[in-house]
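Student: Below: one structure in structure tokens.
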Amino acid sequence: MGYALDSLLIHGGKDGDETTGAVCVPIYQTSTYRQQELGINTGWEYSRTGNPTRAALEKLIAELEGGAFGLAFASGLAAIHTVLSLFAAGDKIVLSDNIYGGTFRLLDTVLKPLGIVFEIVDTTDLDKVEAALDEESKAVYIETPANPLLSVTDIAAIAKIVKEKQKLLIVDNTFLTPYLQRPLAFGADIVIHSGTKYLGGHSDTIAGLVVATDPDLAKRLYYLQNAIGGILAPWDSFLIIRGIKTLAVRMERHVQNAQRIAKWLLDSGYVENVYYPGLKSDPGYEIQKKQADGPGGMISFVLSQEYDYRIFFRSLNLITLAESLGGVESLVCHPASMTHASIPAKIRQEVGIVDELIRLSVGIESVDDLIGDLKQAIEASRK
1 MGYALDSLLI HGGKDGDETT GAVCVPIYQT STYRQQELGI NTGWEYSRTG
51 NPTRAALEKL IAELEGGAFG LAFASGLAAI HTVLSLFAAG DKIVLSDNIY
101 GGTFRLLDTV LKPLGIVFEI VDTTDLDKVE AALDEESKAV YIETPANPLL
151 SVTDIAAIAK IVKEKQKLLI VDNTFLTPYL QRPLAFGADI VIHSGTKYLG
201 GHSDTIAGLV VATDPDLAKR LYYLQNAIGG ILAPWDSFLI IRGIKTLAVR
251 MERHVQNAQR IAKWLLDSGY VENVYYPGLK SDPGYEIQKK QADGPGGMIS
301 FVLSQEYDYR IFFRSLNLIT LAESLGGVES LVCHPASMTH ASIPAKIRQE
351 VGIVDELIRL SVGIESVDDL IGDLKQAIEA SRK
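Note that the working numbering numbers the sequence shown so that position 265 is 265, with each residue one more than the last.
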């Protein structure tokens with residue numbers, strides 16, 4: 001009998017240690033393993049190739065995403081780089097038009113000089129996606145909801161187009177986690193996570209995760225993981241496993257708080273736009289309801305012209321100005337100069353990443369305290 005996801009978060013993957021009875025998976029802090037004789041070992045040879053603590057996390061994330069194979073990396077970008085190393089010179093990647101700046105930078109400054117090309121399209125527009133998929137195209141890479149404008153792409157609809165053209169669909173599921181959204185169930189081939197964010201959940205470790213179902217594709221990804229070597233260390237693997245155990249209760253609070261704050265922002269008179277797929281006024285609201293179990297804990301908004309966003313950031317007391325997201329504490333950032341600074345200004349303006357845009361990762365503090373801090377900081381920033 002299968003368990004509910006809430007139980008799998010705690011007992012999925014490798015549950016404890018069979019040898020000692022330890023409730024938690026041990027940290028196997030070793031680089032290598034004794035071999036009985038030439039060609040005979042216990043299944044472990046060298047920790048870049050495989051480590052029991054990392055393997056426990058890899059099994060866990062695969063199970064949570066409904067996939068067959070999981071891989072853990074030293075960072076989200078190490079995971080993305082490894083996945084994009086599936087492609088060669090002349091291959092084209094179709095890319096969402098608002099996406100994490102680090103992903104864009106990797107494609108634009110590292111992979112493009114090696115001959116891999118990309119085309120930026122609005123992946124919420126299915127006709128544009130289909131038009132972009134030519135002979136050279138090998139994959140569509142999306143975030144949904146996207147970073148930082150929270151636009152929602154219909155995973156099943158994109159997957160149908162991609163499959164008909166025999167391409168790959170890669171989905172970054174960082175913002176929602178498998179607790180709220182499982183892209184493989186809608187036809188994605190590869191799911192990527194920055195485990196640094198909600199899966200770890202405590203802003204204390206850096207990690208990346210990848211899940212696939214097709215055995216041949218997983219074999220290629222495992223080869224690349226071992227060959228490139230950007231693997232997750234045992235201690236960090238342990239921390240991500242520990243973070244995942246409380247994912248359900250944390251995500252419920254993140255969503256609950258975010259819904260209250262998004263509604264308050266919408267009605268406040270302080271902002272020009274609120275981007276949050278949990279609002280009925282959001283263009284992605286219906287698709288989000290169809291493919292996810294909640295809208296997540298990320299909100300972006302644009303301050304009205306009578307407020308100075310620089311003073312707003314300086315005036316916050318409880319909410320922290322910082323890179324990253326998904327921790328128990330609320331974090332706010334300025335995408336144009338922080339997370340998305342590597343994207344050319346012209347492209348940022350075209351897609352809506354304006355200077356007044358603010359991205360808020362809603363934590364699990366008292367929602368009344370969070371609203372109070374936002375209110376006083378906005379009022380302090382009046383020009």
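For glycine and all other residues, C-beta sits at the position ideal for the given N, C-alpha and C.
Which value, in whole angstroms, describes the spacing of the CA atoms of Thr82 and Ile116?
Tutor: One-based indexing of the sequence shown puts residue 82 at position 82. One-based indexing of the sequence shown puts residue 116 at position 116. Roughly 14 Å separates the two Cα atoms.
Student: Can you name, in chain order, every residue of its own chain whose Cβ lies under 8 Å from the Cβ of Met1, other than the five neighbours on each side?
Tutor: For this step, residue 1 is matched to residue 1 along the sequence shown. With a pLDDT of only 47 at Met1, under 50, the local geometry of the prediction cannot be trusted, and no value is derived from it.
Student: Do you know how far the Cα of Ser31 is from the Cα of Ile333?
Tutor: Taking the sequence shown and counting its residues from 1, the one referred to as residue 333 is at position 333. Taking the sequence shown and counting its residues from 1, the one referred to as residue 31 is at position 31. Here the sequence assigns Cys to residue 333, which means Ile is not the residue at that position. If you take the alpha carbons of Cys333 and Ser31, they lie about 38 Å apart.
Student: Express the C-alpha separation of Ser75 and Ile190 in angstroms, rounding to a whole number.
Tutor: One-based indexing of the sequence shown puts residue 190 at position 190. One-based indexing of the sequence shown puts residue 75 at position 75. Near 17 Å, if we compare the C-alpha coordinates of Ser75 and Ile190.
Student: Three-state secondary structure (DSSP) at Asp189?
Tutor: Taking the sequence shown and counting its residues from 1, the one referred to as residue 189 is at position 189. Coil, per DSSP.
Student: Using the C-alpha atoms, what's the distance from Leu266 back to Glu272?
Tutor: Counting from one through the sequence shown, the residue named residue 272 turns up at place 272. Counting from one through the sequence shown, the residue named residue 266 turns up at place 266. Cα-Cα distance, rounded: 9 Å.
Student: Straight-line CA distance for Asp172 to Gly195?
Tutor: The residue you call residue 172 lines up with position 172 of the sequence shown. The residue you call residue 195 lines up with position 195 of the sequence shown. Cα to Cα, Asp172 sits roughly 11 Å from Gly195.
Student: Do you know whose CA, among Ile93, Ile120, Thr123, lies nearest Leu111's CA?
Tutor: Within the sequence shown, numbered from 1, the residue matching residue 111 stands at position 111. Comparing Cα-Cα distances from Leu111 to each of Ile93, Ile120, Thr123, the minimum goes to Ile93.
Student: Anyone know if the C-beta pair for Leu247 and Leu9 falls short of 8 Å?
Tutor: By 1-based counting over the sequence shown, the position of residue 247 is 247. By 1-based counting over the sequence shown, the position of residue 9 is 9. Contact flag set, yes.
Student: Is Ala14 helix, strand or coil when you go by DSSP?
Tutor: Along the sequence shown, read from residue 1 onward, the residue named residue 14 stands at position 14. First, the residue type needs correcting, since residue 14 is Lys and not Ala in the sequence shown. Correct three-state label for Lys14: coil.
Student: Under three-state DSSP, which class holds Ile228?
Tutor: Numbered from its first residue, the sequence shown carries residue 228 at position 228. DSSP places Ile228 in helix when its eight states are reduced to three.
Student: Identify, in the order they occur along the chain, each residue of the same chain with its Cβ nearer than 7 Å to the Cβ of Ile241, setting aside the five sequence neighbours on each side.
Tutor: By one-based count along the sequence shown, residue 241 stands at place 241. Here the set comprises Val25, Ala56, Leu57, Leu60.
Student: Counting along the chain, where does the alpha helix (DSSP H) carrying Lys289 start and finish?
Tutor: Looking up residue 289 in the sequence shown gives position 289. It spans 285-291 - the alpha helix (DSSP H) in which Lys289 sits, taken as one unbroken run.
Student: What do you get for Ser366, buried or exposed, if any count of 16 or more other CB atoms within 10 angstroms of its CB means buried?
Tutor: Against the sequence shown, residue 366 aligns to sequence position 366. Classification for Ser366: exposed.
Student: From Leu149 to Leu169, what distance separates their C-alpha atoms?
Tutor: Position 149 of the sequence shown, counted from the start, is the residue given in the question as residue 149. Position 169 of the sequence shown, counted from the start, is the residue given in the question as residue 169. Rounded to whole angstroms, Leu149 to Leu169 spans 21 Å at the Cα level.
Student: Quick one, are the C-beta atoms of Leu71 and Val255 less than 8 Å apart?
Tutor: Numbered from 1 along the sequence shown, position 71 holds the residue referred to as residue 71. Numbered from 1 along the sequence shown, position 255 holds the residue referred to as residue 255. For Leu71 and Val255, no; Cβs fall outside 8 Å.
Student: When the Cβ atoms of the segment 97-106 are set against those of the segment 269-287, are three or more pairs found closer than 8 Å?
Tutor: Because the criterion of three Cβ pairs below 8 Å is not met, the segment 97-106 and the segment 269-287 do not touch.
Student: Pull up the distance between the alpha-carbon of Val302 and that of Gly352, whole angstroms please.
Tutor: As a position in the sequence shown, residue 302 is number 302, starting the count at 1. As a position in the sequence shown, residue 352 is number 352, starting the count at 1. Going from the Cα of Val302 to the Cα of Gly352 covers about 10 Å.
Student: Smallest Cα separation from Glu329: which of Met338, Ala336, Leu318?
Tutor: Position 329 of the sequence shown holds residue 329. Taking only the C-alpha atoms, the option nearest Glu329 is Leu318.
Student: Considering just the uninterrupted stretch of the beta strand (DSSP E) at Phe118, what are its terminal residues?
Tutor: Your numbering for residue 118 matches position 118 in the sequence shown. Segment 117-121, the beta strand (DSSP E) holding Phe118.
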